[in-house]
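Here is the structure we will look at.
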Amino acid sequence: MRSGKTVSIPFHAVLKAVLRLQSQLLVNPEPIPQDCNDPRWRWFKGCLGALDRTYIKLKVSEIDKRRFRTRKGEVATNVLGVCDGDMRFIYILPGWKGSAADGIVLRDAVGRVDGLKVQLNQSRIIMACCLLYNFIHREMPVDPMEDQIQADLDNEGEKTVETNEDVIDTIETSTEWNQWRENLALSMYNEWRGIS
32 MRSGKTVSIP
42 FHAVLKAVLR
52 LQSQLLVNPE
62 PIPQDCNDPR
72 WRWFKGCLGA
82 LDRTYIKLKV
92 SEIDKRRFRT
102 RKGEVATNVL
112 GVCDGDMRFI
122 YILPGWKGSA
132 ADGIVLRDAV
142 GRVDGLKVQL
152 NQSRIIMACC
162 LLYNFIHREM
172 PVDPMEDQIQ
182 ADLDNEGEKT
192 VETNEDVIDT
202 IETSTEWNQW
212 RENLALSMYN
222 EWRGIS
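Residue 32 is where the sequence shown starts when you use the working numbering, and the numbers rise one by one after that.
Structure (structure tokens):
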């Protein structure tokens, strides 16, 4: 049996090297131009990208398990990711405790002025994976695996997942955002009908 250092030392050296390439691999966001004619993006002129968060399971010490426990009881970190229109990462915020609410994570991301300070090795690995994804996407823009994954998803059909949690079926919106959404929907509908 080999020592843990045999793998650990070179692994961390490569991990640090990938993270040092952040300035080359993390895509600089460019807003959707005002003259965009692409039917997928023309409605989002000036937007930089789409954001979402996900949970990534991880192993932590017994002391940290409580902090990273999700509402479903799993131990995971909350990762906020922002992608541009070409599905390349432009921002990654790993390392939040599993039970953190979306609004708290987003507020922290927007309020950061000193950049990301990653503390867990798992968070560094997540960041490196996103950077490597951008590198692969840059070098091989057409991913043959994406077609296979999509075909598998299409064949799977819809599965219903039972949970013991309350279902949230409404979200209260502000008047401003509600009006913006209505105007966008009306513009898209009128264009589809051929009304200018």
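C-beta: ideal position from N, C-alpha, C; glycine also. It should be emphasised that the depicted structure is a prediction, and the values quoted were computed from it without experimental measurement.
Inset, instruction - Return the bridge partner residues of Leu111 from the DSSP annotation. - result: Taking the first residue of the sequence shown as position 1, residue 111 is located at position 80. Looking at the DSSP assignment, Leu111 forms a beta bridge with Arg84 and Leu124.
Inset, instruction - Please say whether Asp115 and Ile121 have beta carbons closer to each other than 8 angstroms? - result: As a working note, residue 121 is residue 90 in the sequence shown. As a working note, residue 115 is residue 84 in the sequence shown. Yes, these two residues count as a Cβ contact at 8 angstroms.
Legend entry - Counterpart residues of Val274 in DSSP-defined beta bridges: The chain is shown only over 32 to 227; residue 274 falls outside these bounds and no answer can be derived.
Inset, instruction - Report the residue from Phe166, Arg212, Thr108 and Ile180 whose alpha carbon sits nearest the alpha carbon of Arg155. - result: Along the sequence shown, read from residue 1 onward, the residue named residue 155 stands at position 124. Measuring from the Cα of Arg155, the nearest candidate turns out to be Thr108.
Legend entry - Buried or exposed by the 16-neighbour rule on C-beta atoms within 10 Å, applied to Cys161: If you number the sequence shown from 1, residue 161 lands on position 130. Cys161 should be labelled buried.
Legend entry - Residue interval of the alpha helix (DSSP H) (run including Met158): Numbered from 1 along the sequence shown, position 127 holds the residue referred to as residue 158. Where Met158 is concerned, the enclosing alpha helix (DSSP H) stretches over Asn152 to Glu170.
Inset, instruction - Give the straight-line distance between the Cα atoms of Gly146 and Arg84, rounded to the nearest whole angstrom. - result: For the purposes of this step, residue 146 is taken as the residue at position 115 of the sequence shown. For the purposes of this step, residue 84 is taken as the residue at position 53 of the sequence shown. Any reading at Gly146 needs caution, since the residue's pLDDT is 49, under 50, leaving its predicted position unreliable; the model's value is listed next. The alpha-carbon atoms of Gly146 and Arg84 are separated by roughly 18 angstroms.
Inset, instruction - For Phe42, count neighbouring C-beta atoms within 10 Å of its own C-beta (all shown protein chains included) and say buried if the count is 16 or more, exposed if not. - result: Taking the first residue of the sequence shown as 1, we reach residue 42 at position 11. So Phe42 ends up on the exposed side.
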